[in-house]
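Colleague: Numbering of the sequence shown is given in this note's numbering, commencing with residue 9 and proceeding in unit increments. Just so you know, even glycine gets a beta-carbon here, dropped at the ideal spot from N, CA and C. Dropping the structure in here first, questions after.
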Amino acid sequence: MKGSILSLFAETSLHPGVGQVVGAVDLPVAREKTTGYPVIVGSSLKGALRDKAEQVWGEKEEKLKRIFGESNQAGSLLITDARLLLLPVRSLPGPFKWVTCPYILERLKRDGELMGLSWDFDIPDPGDKALVQEEMGELFLEEIVFSTSKGKDLNKIVETLKEFIPHDSVKKRLETQLVIIDDKEFQYFAQYGLPVNARNVLNKNKTSDNLWYEEVIPPDTLFYSLIFERKLTEDQNDLYEVESLFKDSPYLQVGGNETIGQGWCRIQWFSGGESR
């Protein structure tokens, strides 16, 4: 099977919801069961890609069924969950830092091997420090203060992550805004550091009929998914067909709340050491 990596850079807040109440948050985002990291589940991402295909090709296009499947038959496209790679966290000095951790980088390397890619960077061990490109004394991430340390060969990690980012200006900022912290510390921010918005429904008298709290993933968060193609016929090139959907407009709406501007991601395809 051939495959590509699809990176998703959040341009607006995302709400890939789970449709159930957890604690004080009425509508939380989907999370990995083992890590607690926010995730865009594969079925949701597949639905977003299919919706994009219907908009471009039309709902009756025959290749829709072949690529995305039907109720009684699987399609040719195999789509994994979109995994978290970089999480923006409020900071001083600010306005925010892109935060990741050794486990996420280790998982990225393993996923790369699955795709036939080999990235030349070592997994860092930050200990109780925050690893940065240039030491800056103390760093506040939300309410937690870290001592910073210059990460060894951090530039190799930066160069790898740049391949997943579509904007040149963002790639440049990554050099000064990337922070690597311990897995346990990162899990805290991934679990408790996401914005929670209060939303309301007003009746005819302009009084509240329904107040609820909704968790969202902030803009500038970076995810990636592995997408494979099963060969069903000799002459098919379905992965290319899906990639071509974004030739004129490289944006994909994922998750809920589309009508209030949420869910918009700038996407980029990556395979064989090349971004496109």
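Per DSSP, Y232 is paired with what?
Modeller: On the sequence shown, residue 232 is found 224 positions in, with the first residue counted as 1. Partner(s): S15 and R91.
Colleague: Skipping 5 residues on each side, what residues in its chain have a beta carbon closer than 7 angstroms to that of I183?
Modeller: As a working mapping, residue 183 is identified with position 175 in the sequence shown. Sequence inspection shows Glu at residue 183; the Ile mentioned does not correspond to that position. Result list for E183: Q141 and V166, in chain order.
Colleague: Would you report the Cα separation of M123 and V209, rounded to the nearest angstrom?
Modeller: In the sequence shown, counting from the first residue as 1, residue 123 sits at position 115. In the sequence shown, counting from the first residue as 1, residue 209 sits at position 201. M123 and V209: Cα-Cα distance of roughly 46 angstroms.
Colleague: When you compare each of S257, P24, F278 and G269 to Y232 by their alpha carbons, which one comes out closest?
Modeller: What you label residue 232 is simply residue 224 of the sequence shown in a count that begins at 1. Cα-wise, what sits closest to Y232 is F278.
Colleague: Taking contact to mean at least 3 C-beta pairs separated by less than 8 angstroms, is the stretch 91-105 in contact with the stretch 121-136?
Modeller: Segments in contact, no.
Colleague: Around the Cβ of Q199, are there at least 16 other Cβ atoms within 10 angstroms (buried) or fewer (exposed)?
Modeller: Taking the sequence shown and counting its residues from 1, one reaches residue 199 at position 191. Its Cβ having fewer than 16 others within 10 Å, Q199 is exposed.
Colleague: Are D228 and E237 touching if we call contact CB-CB under 8 angstroms?
Modeller: The count along the sequence shown starts at 1 and reaches residue 228 at position 220. The count along the sequence shown starts at 1 and reaches residue 237 at position 229. For D228 and E237, no; Cβs fall outside 8 angstroms.
Colleague: Is the number of C-beta pairs between the stretch 104-117 and the stretch 178-193 that are closer than 8 angstroms three or more?
Modeller: Segments in contact, yes.
Colleague: Leaving out five residues before and five after A61 in sequence, what residues of the same chain have Cβ atoms less than 8 angstroms from its Cβ?
Modeller: As a first step, residue 61 is located in the sequence shown; it is residue number 53 there, counting from the start. Correct list, in chain order: E69, L72, I75, F76, V250 and L253.
Colleague: Under 7 angstroms from any heavy atom of the ligand COA, does the C-beta of L202 make it?
Modeller: Among the ligands in the structure shown, none appear at all, so the ligand COA cannot be discussed.
Colleague: For E67, count neighbouring Cβ atoms within 10 angstroms of its own Cβ and tell me buried if that reaches 16, exposed if not.
Modeller: As a position in the sequence shown, residue 67 is number 59, starting the count at 1. By the 10 Å Cβ count, E67 comes out exposed.
Colleague: By DSSP's criteria, N218 is part of a beta bridge. Which residues make up the other side?
Modeller: As a working mapping, residue 218 is identified with position 210 in the sequence shown. In DSSP, N218 forms a bridge with V209.
Colleague: Less than 8 angstroms between the C-beta atoms of I173 and A18, yes or no?
Modeller: Start at 1 with the first residue of the sequence shown, and residue 173 comes out as number 165. Start at 1 with the first residue of the sequence shown, and residue 18 comes out as number 10. Cβ distance not < 8 angstroms, so I173 and A18 don't count as in contact.
Colleague: Using the three-state DSSP reduction, which class does E266 fall into: helix, strand or coil?
Modeller: Here residue 266 refers to the residue found at position 258 when the sequence shown is read from its first residue. Note: E266 maps to helix in three-state DSSP.
Colleague: Does DSSP classify D161 as helix, strand or coil?
Modeller: For the purposes of this step, residue 161 is taken as the residue at position 153 of the sequence shown. If DSSP states are grouped into helix, strand and coil, D161 belongs with coil.
Colleague: Per DSSP, what are the beta-bridge partners of G25 in this structure?
Modeller: Counted from its first residue, the sequence shown places residue 25 at position 17. DSSP, once it has assigned bridges, lists V37 as partnering G25.
Colleague: Taking C-alpha atoms, which residue in Q185, P132 and I268 lies nearest to G159?
Modeller: On the sequence shown, position 151 is the one that residue 159 refers to. Of Q185, P132 and I268, the residue nearest in Cα terms is P132.
Colleague: Based on the DSSP output, what are the partners of R274 in its beta bridges?
Modeller: Counting from one through the sequence shown, the residue named residue 274 turns up at place 266. Beta-bridge pairing links R274 to F17 and Y259.
Colleague: Determine the burial state of S99: buried for a count of at least 16 other Cβ atoms within 10 Å of its Cβ, exposed for fewer.
Modeller: On the sequence shown, residue 99 is found 91 positions in, with the first residue counted as 1. With 16 or more other Cβ atoms within 10 Å, it is buried.
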